Amino acid sequence: GAVVSQHPSRVICKSGTSVKIECRSLDFQATTMFWYRQFPKQSLMLMATSNEGSKATYEQGVEKDKFLINHASLTLSTLTVTSAHPEDSSFYICSARGEQGNGYTFGSGTRLTVV
Amino acid sequence: GQSLEQPSEVTAVEGAIVQINCTYQTSGFYGLSWYQQHDGGAPTFLSYNALDGLEETGRFSSFLSRSDSYGYLLLQELQMKDSASYFCAVRDASYQLIWGAGTKLIIKP
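Quick note, the sequences are listed as chains A and S, same order.
Each number in this note's numbering corresponds to the 1-based position in the first sequence with 342 added.
Each number in this note's numbering corresponds to the 1-based position in the second sequence with 811 added.
Structure representation (structure tokens):
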């Protein structure tokens, strides 16, 4: 079945630094990638939607200059958290939609801790 | 606004049957999905209903009534490994998923 590889699974960084999270679709072309953030005991919150080759569409309240999304190819999308702060500590999850069907394939998530 | 309502927590006994309900109010509807998420993990897809009726996949079944804006996930022969959070999600016209707040399923031996 469809697989999305997300790396890193866990990252600890210092406040003020940047962190890049990668999501790769291994056996299908991800025409659309969704990036979510999830705080403990809460639901997934959509941050942005990106389509290959075009700028990402950010949800209201999500700073596009802080959360940089690149979807340069049909198999790779990245989320860069710039100038990270402790309040950015969260679980970040990508989800890819292929060209066919109604399925969404989720990455395994990245636990970001900013100290 | 758009919203999905599901119980915050459900408790059941190992071997029993449990039903998790989901009602939705969305501007568009292109199917209801269910996802399972264990602590520390990412959501995993369980089922998808685009049309009214019951979809069965092993021990899990999902039901949809579009006229009632209602669906449920039915888990049979509960096992301890089924302890997790379960989310219902509606797909909208732009292929985004609108998520419920999740139901924590607690299974007792």
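Using N, Cα and C, we set each Cβ at its ideal position, and we do this for glycine too.
Predicted model only: the values in this text are computed from it and were never measured.
Query raised in the report: Going by other Cβ atoms of all chains shown within 10 Å of its Cβ, with 16 needed for buried, is A/S415 buried or exposed?
Result: exposed
Report task. Note down the Cα distance separating S/Q848 from A/D407, rounded to an integer number of angstroms. Result -> 30 Å
Query raised in the report: Who are the neighbours of S/Q907 on chain A, taking C-beta pairs under 8 Å?
Result: Correct list: F376, L388, T391.
Query raised in the report: Between the C-alpha atoms of S/T914 and S/L885, what's the straight-line distance to the nearest angstrom?
Result: 13 Å
Query raised in the report: Do A/F370 and A/A344 have their C-beta atoms closer together than 8 Å?
Result: yes
Query raised in the report: Which residues share a DSSP beta bridge with S/M891?
Result: Partner(s): none; S/M891 has no beta bridge.
Report task. Check whether the Cβ atoms of S/Q813 and S/T837 lie closer than 8 Å to each other. Result -> In this structure, S/T837 lies closer than 8 Å to S/Q813 by Cβ.
**Report entry** With 16 other Cβ atoms within 10 Å as the buried cut-off, status of S/G764
**Finding:** In the structure as shown, chain S begins at 812 and stops at 920. Residue 764 of chain S is therefore absent and cannot be evaluated.
Report task. Check each residue of the region 848–864 of chain S: if its Cβ is closer than 9 Å to any Cβ of chain A, include it; give the result in chain order. Result -> Q848, G851, G852, A853, P854, T855, F856, Y859, A861
Query raised in the report: By the criterion of Cβ-Cβ separation under 7 Å, what are the contact partners of A/R439 in chain S?
Result: Y906
Query - Residue nearest to S/N832 in terms of C-alpha spacing, selected from S/E867, S/L889, S/C899 - result: S/C899
Query raised in the report: Since A/V346 contacts A/F448 with CB under 8 Å, what's their CB separation in whole angstroms?
Result: 6 Å
Query raised in the report: Mind checking A/R352: buried by the 16 CB within 10 Å criterion, or exposed?
Result: So A/R352 counts as exposed.
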